[in-house]
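K.L.:
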Amino acid sequence: MTKCHVSLPGLDMKNPIMPASGCFGFGKEYSEFYDLSTLGAICVKAVTPSVRKGNPTPRVAETDGGMLNAIGLQNPGLDRVMEHELRWLESFDVPVIVNIAGNTVEEYMHVAKTVSKAKSVNAVELNISCPNVKEGGITFGTDPHVAKELTSRVKDVCEVPVYVKLSPNVTDIVSIAKAVEKGGADGLSMINTLLGMRLDLKTGKPIIANETGGLSGAAIKPVAVRMIHGVSQEVSIPIIGMGGVTSADDALELILAGASAVAVGTQNFVDPYACPTIINDLEKKLEEYDVEHITELVGRSWKPSLHLTNR
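Quick note: the sequence shown uses my numbering, first residue 143, plus one each step.
(1) Helix or strand or just coil, what does DSSP make of lysine 259?
(2) Does DSSP put arginine 340 in a helix, a strand or coil?
(3) Within 10 angstroms of the Cβ of phenylalanine 168, are there 16 or more other Cβ atoms? Answer buried if so, exposed if not.
(4) Taking the C-alpha atoms as reference points, what is the distance between leucine 394 and alanine 401?
(5) Name the residue from Val433, Thr419, Trp444 whose alpha carbon lies nearest to the alpha carbon of threonine 144.
(6) Would threonine 205 and alanine 361 be called neighbours here (beta carbons separated by less than 8 Å)?
(7) Report the three-state DSSP secondary structure of serine 358 (helix, strand or coil).
(8) Which residues in the same chain have their Cβ closer than 6 Å to the Cβ of isoleucine 242, if we skip the five residues on either side of it in sequence?
(9) Along the chain, where does the alpha helix (DSSP H) containing cysteine 417 start, and where does it finish?
(10) Shortest alpha-carbon distance to serine 233 belongs to which of Thr313, Ser294, Asn269, Leu178?
(11) Return yes when the Cβ of leucine 268 is within less than 8 Å of the Cβ of valine 302, no when it is not.
(12) Let me know the secondary structure DSSP gives glutamate 291 once reduced to three states.
(13) Less than 8 Å separating the beta-carbons of glycine 385 and alanine 399?
(14) At which residues does the alpha helix (DSSP H) containing proline 161 begin and terminate?
(15) Would DSSP call threonine 190 helix, strand or coil?
(16) Using the C-alpha atoms, what's the distance from arginine 442 back to leucine 228?
(17) Any idea if serine 192 is buried or exposed, counting beta-carbon neighbours within 10 angstroms, 16 or more meaning buried?
(18) Skipping 5 residues on each side, what residues in its chain have a beta carbon closer than 6 Å to that of threonine 388?
(19) If I follow the unbroken alpha helix (DSSP H) through alanine 321, where does it start and stop?
(20) Hey, out of Leu439, Ala390, Ile370, Val440, whose CA is closest to lysine 426's CA?
(21) Considering only residues of the same chain and omitting the five flanking positions on each side of glycine 182, which have a CB-CB separation below 7 Å?
(22) Just reading off the alpha helix (DSSP H) that asparagine 410 is part of, what are its end residues?
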(Lines of atoms letter the chains of each structure in order from A; the text may use other names.)
(Lines give C-alpha, C1' and ligand atoms only; values in the text may rest on other atoms or scores of the structure.)
Protein backbone atom coordinates (compact mmCIF):
# COMPACT_ATOMS: atom_id res chain seq x y z
CA MET A 143 0.00 0.00 0.00
CA THR A 144 1.34 3.44 -0.97
CA LYS A 145 0.69 6.96 0.29
CA CYS A 146 -1.85 7.38 -2.52
CA HIS A 147 -3.87 4.15 -2.17
CA VAL A 148 -7.59 4.96 -1.82
CA SER A 149 -10.49 2.67 -1.02
CA LEU A 150 -14.02 3.80 -1.93
CA PRO A 151 -17.23 1.73 -2.23
CA GLY A 152 -16.53 -0.76 -5.03
CA LEU A 153 -13.23 0.90 -5.90
CA ASP A 154 -9.85 -0.31 -4.64
CA MET A 155 -7.63 2.36 -6.21
CA LYS A 156 -3.82 2.50 -6.46
CA ASN A 157 -4.17 6.26 -6.43
CA PRO A 158 -7.07 8.75 -6.33
CA ILE A 159 -6.79 9.95 -9.97
CA MET A 160 -9.13 8.94 -12.80
CA PRO A 161 -10.29 10.45 -16.09
CA ALA A 162 -13.72 12.06 -15.98
CA SER A 163 -16.57 10.62 -18.01
CA GLY A 164 -16.95 12.19 -21.42
CA CYS A 165 -13.30 13.18 -21.71
CA PHE A 166 -11.76 9.75 -22.16
CA GLY A 167 -14.14 7.75 -24.36
CA PHE A 168 -13.64 4.13 -23.42
CA GLY A 169 -9.89 4.59 -23.07
CA LYS A 170 -8.75 3.08 -26.37
CA GLU A 171 -7.19 6.25 -27.79
CA TYR A 172 -5.33 6.97 -24.53
CA SER A 173 -4.08 3.38 -24.27
CA GLU A 174 -1.80 4.23 -27.20
CA PHE A 175 -0.01 6.75 -24.95
CA TYR A 176 0.28 4.84 -21.64
CA ASP A 177 -0.80 1.75 -19.70
CA LEU A 178 -4.35 2.38 -18.42
CA SER A 179 -3.55 0.21 -15.39
CA THR A 180 -1.55 3.22 -14.13
CA LEU A 181 -4.81 5.02 -13.35
CA GLY A 182 -6.66 4.86 -10.05
CA ALA A 183 -9.85 4.08 -11.96
CA ILE A 184 -11.48 4.73 -15.32
CA CYS A 185 -14.84 6.43 -15.71
CA VAL A 186 -16.05 5.76 -19.25
CA LYS A 187 -18.34 7.76 -21.48
CA ALA A 188 -22.08 7.90 -20.76
CA VAL A 189 -24.02 4.86 -21.90
CA THR A 190 -27.70 4.98 -22.92
CA PRO A 191 -30.06 2.11 -23.88
CA SER A 192 -29.78 2.80 -27.61
CA VAL A 193 -27.30 4.42 -29.96
CA ARG A 194 -27.23 8.22 -29.66
CA LYS A 195 -25.81 10.41 -32.41
CA GLY A 196 -25.63 13.43 -30.10
CA ASN A 197 -26.36 17.06 -30.86
CA PRO A 198 -25.83 18.80 -34.23
CA THR A 199 -22.41 20.33 -34.95
CA PRO A 200 -20.61 22.56 -34.13
CA ARG A 201 -20.64 21.15 -30.59
CA VAL A 202 -17.46 22.57 -29.06
CA ALA A 203 -16.11 26.10 -28.55
CA GLU A 204 -12.98 27.25 -26.74
CA THR A 205 -13.24 29.80 -23.93
CA ASP A 206 -10.72 31.63 -21.76
CA GLY A 207 -9.54 28.97 -19.33
CA GLY A 208 -11.83 26.25 -20.63
CA MET A 209 -14.22 25.02 -23.26
CA LEU A 210 -17.93 24.74 -23.98
CA ASN A 211 -19.36 21.46 -25.22
CA ALA A 212 -22.77 20.20 -26.19
CA ILE A 213 -22.01 16.67 -27.36
CA GLY A 214 -25.41 15.38 -26.24
CA LEU A 215 -24.33 12.00 -24.81
CA GLN A 216 -23.24 10.54 -28.14
CA ASN A 217 -22.47 6.85 -27.59
CA PRO A 218 -22.71 3.48 -29.37
CA GLY A 219 -25.52 2.19 -27.14
CA LEU A 220 -25.74 -0.41 -24.39
CA ASP A 221 -25.39 -3.57 -26.52
CA ARG A 222 -22.24 -2.38 -28.27
CA VAL A 223 -20.69 -1.23 -25.00
CA MET A 224 -21.42 -4.57 -23.32
CA GLU A 225 -20.12 -6.68 -26.20
CA HIS A 226 -17.00 -4.69 -27.10
CA GLU A 227 -15.95 -1.77 -24.89
CA LEU A 228 -16.38 -3.35 -21.45
CA ARG A 229 -14.85 -6.65 -22.57
CA TRP A 230 -11.85 -4.77 -23.92
CA LEU A 231 -11.37 -3.06 -20.55
CA GLU A 232 -11.16 -6.45 -18.80
CA SER A 233 -7.52 -6.69 -19.90
CA PHE A 234 -6.48 -3.82 -17.59
CA ASP A 235 -5.84 -3.94 -13.85
CA VAL A 236 -7.97 -0.90 -13.04
CA PRO A 237 -11.47 -0.38 -11.53
CA VAL A 238 -14.06 0.71 -14.10
CA ILE A 239 -16.95 3.10 -13.48
CA VAL A 240 -19.66 3.32 -16.14
CA ASN A 241 -21.51 6.61 -16.48
CA ILE A 242 -25.15 5.83 -17.31
CA ALA A 243 -27.97 8.01 -18.64
CA GLY A 244 -31.52 7.72 -19.93
CA ASN A 245 -34.68 9.64 -20.76
CA THR A 246 -36.83 7.88 -18.16
CA VAL A 247 -36.38 6.19 -14.79
CA GLU A 248 -36.96 2.84 -16.48
CA GLU A 249 -34.17 3.51 -19.00
CA TYR A 250 -31.72 4.36 -16.19
CA MET A 251 -32.72 1.17 -14.38
CA HIS A 252 -32.29 -0.96 -17.50
CA VAL A 253 -28.80 0.35 -18.22
CA ALA A 254 -27.71 0.11 -14.57
CA LYS A 255 -28.98 -3.46 -14.17
CA THR A 256 -27.30 -4.59 -17.41
CA VAL A 257 -23.87 -2.95 -17.07
CA SER A 258 -23.56 -3.88 -13.41
CA LYS A 259 -23.44 -7.55 -14.46
CA ALA A 260 -20.35 -6.98 -16.62
CA LYS A 261 -17.16 -8.55 -15.26
CA SER A 262 -15.10 -5.37 -15.68
CA VAL A 263 -17.55 -2.96 -14.00
CA ASN A 264 -16.93 -1.94 -10.36
CA ALA A 265 -19.42 0.93 -10.03
CA VAL A 266 -21.86 3.06 -12.00
CA GLU A 267 -22.06 6.83 -12.11
CA LEU A 268 -25.62 8.04 -12.39
CA ASN A 269 -25.63 10.98 -14.80
CA ILE A 270 -28.48 13.16 -13.58
CA SER A 271 -26.80 16.38 -14.54
CA CYS A 272 -26.01 16.59 -18.25
CA PRO A 273 -27.05 20.13 -19.29
CA ASN A 274 -26.98 19.34 -23.01
CA VAL A 275 -29.91 16.98 -23.49
CA LYS A 276 -33.53 18.03 -23.63
CA GLU A 277 -34.99 14.94 -21.94
CA GLY A 278 -33.69 13.33 -18.75
CA GLY A 279 -30.30 14.92 -18.09
CA ILE A 280 -30.53 17.96 -15.93
CA THR A 281 -34.24 17.54 -15.14
CA PHE A 282 -33.40 14.60 -12.85
CA GLY A 283 -30.67 16.56 -11.11
CA THR A 284 -32.45 19.76 -10.18
CA ASP A 285 -35.28 18.43 -7.99
CA PRO A 286 -34.26 16.71 -4.72
CA HIS A 287 -37.33 14.47 -4.66
CA VAL A 288 -36.87 13.32 -8.27
CA ALA A 289 -33.15 12.78 -7.72
CA LYS A 290 -33.78 10.72 -4.57
CA GLU A 291 -36.44 8.58 -6.27
CA LEU A 292 -34.24 7.89 -9.30
CA THR A 293 -31.29 6.97 -7.08
CA SER A 294 -33.42 4.61 -5.02
CA ARG A 295 -34.91 2.89 -8.07
CA VAL A 296 -31.48 2.39 -9.64
CA LYS A 297 -30.03 1.08 -6.36
CA ASP A 298 -32.78 -1.56 -6.28
CA VAL A 299 -31.57 -3.18 -9.51
CA CYS A 300 -27.86 -2.32 -9.63
CA GLU A 301 -25.35 -4.96 -8.48
CA VAL A 302 -22.45 -2.55 -7.91
CA PRO A 303 -22.12 0.70 -5.90
CA VAL A 304 -23.85 3.78 -7.33
CA TYR A 305 -22.22 7.22 -7.50
CA VAL A 306 -24.49 10.14 -8.41
CA LYS A 307 -23.02 12.94 -10.52
CA LEU A 308 -24.36 16.28 -9.34
CA SER A 309 -25.04 19.39 -11.39
CA PRO A 310 -23.67 22.79 -10.32
CA ASN A 311 -26.57 24.39 -12.22
CA VAL A 312 -28.87 24.41 -9.18
CA THR A 313 -29.76 26.86 -6.44
CA ASP A 314 -28.84 24.54 -3.58
CA ILE A 315 -26.51 21.63 -4.41
CA VAL A 316 -26.38 20.54 -0.75
CA SER A 317 -30.10 19.69 -0.79
CA ILE A 318 -29.63 17.52 -3.91
CA ALA A 319 -26.61 15.78 -2.34
CA LYS A 320 -28.47 15.01 0.88
CA ALA A 321 -31.47 13.74 -1.09
CA VAL A 322 -29.50 11.22 -3.16
CA GLU A 323 -27.67 10.09 -0.04
CA LYS A 324 -31.07 9.30 1.49
CA GLY A 325 -31.92 7.52 -1.76
CA GLY A 326 -29.06 5.11 -1.10
CA ALA A 327 -26.20 6.56 -3.14
CA ASP A 328 -22.82 5.06 -2.25
CA GLY A 329 -20.97 8.19 -3.31
CA LEU A 330 -21.14 11.47 -5.20
CA SER A 331 -19.35 12.83 -8.26
CA MET A 332 -19.15 16.60 -8.46
CA ILE A 333 -19.22 18.89 -10.24
CA ASN A 334 -20.52 18.49 -13.79
CA THR A 335 -20.15 21.37 -16.25
CA LEU A 336 -21.60 24.85 -15.79
CA LEU A 337 -24.18 25.96 -18.33
CA GLY A 338 -22.72 28.62 -20.64
CA MET A 339 -22.88 30.25 -24.06
CA ARG A 340 -20.58 31.95 -26.58
CA LEU A 341 -21.59 34.19 -29.47
CA ASP A 342 -19.97 34.68 -32.88
CA LEU A 343 -19.22 38.42 -33.25
CA LYS A 344 -19.63 38.30 -37.04
CA THR A 345 -23.05 36.67 -37.11
CA GLY A 346 -24.24 37.61 -33.64
CA LYS A 347 -25.43 34.01 -33.23
CA PRO A 348 -24.40 31.27 -30.78
CA ILE A 349 -21.21 29.47 -31.85
CA ILE A 350 -22.42 25.99 -30.99
CA ALA A 351 -25.53 24.58 -32.65
CA ASN A 352 -27.20 23.70 -29.36
CA GLU A 353 -26.85 27.41 -28.41
CA THR A 354 -25.82 26.56 -24.83
CA GLY A 355 -23.23 24.10 -23.60
CA GLY A 356 -21.36 22.88 -20.56
CA LEU A 357 -18.35 24.95 -19.46
CA SER A 358 -15.39 22.91 -18.23
CA GLY A 359 -11.66 23.44 -17.70
CA ALA A 360 -9.53 25.47 -15.32
CA ALA A 361 -12.05 28.33 -15.19
CA ILE A 362 -14.51 26.28 -13.11
CA LYS A 363 -12.14 24.97 -10.43
CA PRO A 364 -13.04 27.62 -7.81
CA VAL A 365 -16.71 26.68 -8.23
CA ALA A 366 -15.89 23.00 -7.77
CA VAL A 367 -13.82 23.72 -4.64
CA ARG A 368 -16.62 25.80 -3.15
CA MET A 369 -19.31 23.19 -3.81
CA ILE A 370 -17.24 20.20 -2.64
CA HIS A 371 -16.31 22.15 0.49
CA GLY A 372 -20.00 22.76 1.23
CA VAL A 373 -21.39 19.33 0.36
CA SER A 374 -18.67 17.26 2.06
CA GLN A 375 -19.61 18.78 5.42
CA GLU A 376 -23.24 17.71 5.02
CA VAL A 377 -23.00 14.10 3.79
CA SER A 378 -21.34 10.92 5.02
CA ILE A 379 -20.65 9.33 1.64
CA PRO A 380 -17.39 9.87 -0.31
CA ILE A 381 -17.03 12.43 -3.10
CA ILE A 382 -15.19 12.01 -6.39
CA GLY A 383 -14.22 15.63 -7.06
CA MET A 384 -13.81 17.13 -10.53
CA GLY A 385 -13.83 20.50 -12.24
CA GLY A 386 -10.81 22.28 -13.69
CA VAL A 387 -8.09 19.95 -12.46
CA THR A 388 -4.88 20.45 -14.45
CA SER A 389 -2.15 19.54 -11.93
CA ALA A 390 -1.34 17.69 -8.71
CA ASP A 391 -1.82 20.97 -6.82
CA ASP A 392 -5.35 21.24 -8.24
CA ALA A 393 -6.09 17.65 -7.21
CA LEU A 394 -4.83 18.36 -3.67
CA GLU A 395 -7.07 21.44 -3.50
CA LEU A 396 -10.18 19.38 -4.26
CA ILE A 397 -9.09 16.77 -1.70
CA LEU A 398 -8.57 19.45 0.94
CA ALA A 399 -12.09 20.66 0.11
CA GLY A 400 -13.47 17.20 0.88
CA ALA A 401 -13.01 14.93 -2.16
CA SER A 402 -11.74 11.39 -1.58
CA ALA A 403 -10.74 10.90 -5.22
CA VAL A 404 -10.31 13.24 -8.17
CA ALA A 405 -11.34 13.03 -11.83
CA VAL A 406 -9.49 14.89 -14.59
CA GLY A 407 -11.59 16.10 -17.51
CA THR A 408 -10.75 18.73 -20.11
CA GLN A 409 -7.01 18.63 -19.37
CA ASN A 410 -6.91 15.21 -21.09
CA PHE A 411 -7.63 17.03 -24.36
CA VAL A 412 -4.78 19.47 -23.71
CA ASP A 413 -2.29 16.81 -22.64
CA PRO A 414 -3.02 13.09 -23.15
CA TYR A 415 -0.50 12.36 -20.38
CA ALA A 416 -2.34 14.58 -17.87
CA CYS A 417 -3.50 11.75 -15.59
CA PRO A 418 -0.20 9.82 -15.28
CA THR A 419 1.67 13.11 -14.80
CA ILE A 420 -0.65 14.15 -11.96
CA ILE A 421 -0.37 10.69 -10.37
CA ASN A 422 3.44 10.89 -10.45
CA ASP A 423 3.49 14.47 -9.11
CA LEU A 424 0.95 13.71 -6.37
CA GLU A 425 3.26 11.16 -4.75
CA LYS A 426 6.07 13.74 -4.80
CA LYS A 427 3.80 16.40 -3.27
CA LEU A 428 2.96 14.14 -0.34
CA GLU A 429 6.68 13.58 0.25
CA GLU A 430 7.30 17.33 -0.07
CA TYR A 431 4.60 18.18 2.47
CA ASP A 432 5.58 15.25 4.73
CA VAL A 433 2.10 13.71 4.58
CA GLU A 434 1.89 10.08 5.74
CA HIS A 435 -1.15 9.19 3.63
CA ILE A 436 -3.36 11.15 1.27
CA THR A 437 -6.52 10.35 3.24
CA GLU A 438 -5.17 12.64 6.01
CA LEU A 439 -5.92 15.57 3.72
CA VAL A 440 -9.55 14.81 2.86
CA GLY A 441 -11.70 17.70 4.04
CA ARG A 442 -8.88 19.47 5.87
CA SER A 443 -10.30 22.81 4.71
CA TRP A 444 -13.04 22.46 7.30
CA LYS A 445 -11.61 19.89 9.71
CA PRO A 446 -9.20 20.71 12.57
CA SER A 447 -6.25 22.75 11.41
CA LEU A 448 -3.45 21.12 9.46
CA HIS A 449 -0.88 23.19 7.62
CA LEU A 450 1.05 21.78 4.69
CA THR A 451 4.70 22.53 5.28
CA ASN A 452 7.56 21.85 2.92
CA ARG A 453 10.22 19.54 4.22
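For every residue, glycine included, the Cβ atom is placed at its ideal position computed from N, Cα and C. Values in this document were obtained by computation on a predicted structure and should not be read as measured data.
P.N.:
For this structure:
(1) Residue state, collapsed to three classes: coil.
(2) Of the three classes helix, strand and coil, the one that applies to arginine 340 here is coil, per DSSP.
(3) By the 10 Å Cβ count, phenylalanine 168 comes out buried.
(4) C-alpha of leucine 394 to C-alpha of alanine 401: approximately 9 Å in a straight line.
(5) Considering only alpha carbons, the answer is Val433.
(6) Their beta carbons are under 8 Å apart, which means threonine 205 touches alanine 361 by this criterion.
(7) Residue state, collapsed to three classes: strand.
(8) Cβ within range, chain order: Val189, Val253, Ala254, Val266.
(9) That run of the alpha helix (DSSP H) goes 416-430.
(10) Of the listed residues, the one whose Cα sits closest to serine 233 is Leu178.
(11) It is not a contact, given that the beta carbons lie outside the stated cut-off.
(12) Helix at glutamate 291.
(13) Not closer than 8 Å, so no.
(14) Note, proline 161: premise wrong, no alpha helix (DSSP H); beta strand (DSSP E) at 159-161.
(15) Here threonine 190 carries a coil assignment [DSSP, helix/strand/coil].
(16) So the alpha carbons of these two residues sit roughly 36 Å apart.
(17) With fewer than 16 Cβ atoms within 10 Å of its Cβ, serine 192 is classed as exposed.
(18) Within the same chain, threonine 388 has close Cβ partners Ala360, Gln409.
(19) Residues 315-324.
(20) Of the listed residues, the one whose Cα sits closest to lysine 426 is Ala390.
(21) Excluding the 5 residues flanking it on each side, glycine 182 has same chain C-beta neighbours closer than 7 Å at Val148, Met155, Lys156, Asn157, Pro158, Ile159, Met160, Ala403, in chain order.
(22) Counting along the chain, the alpha helix (DSSP H) containing asparagine 410 begins and ends at 409-412.
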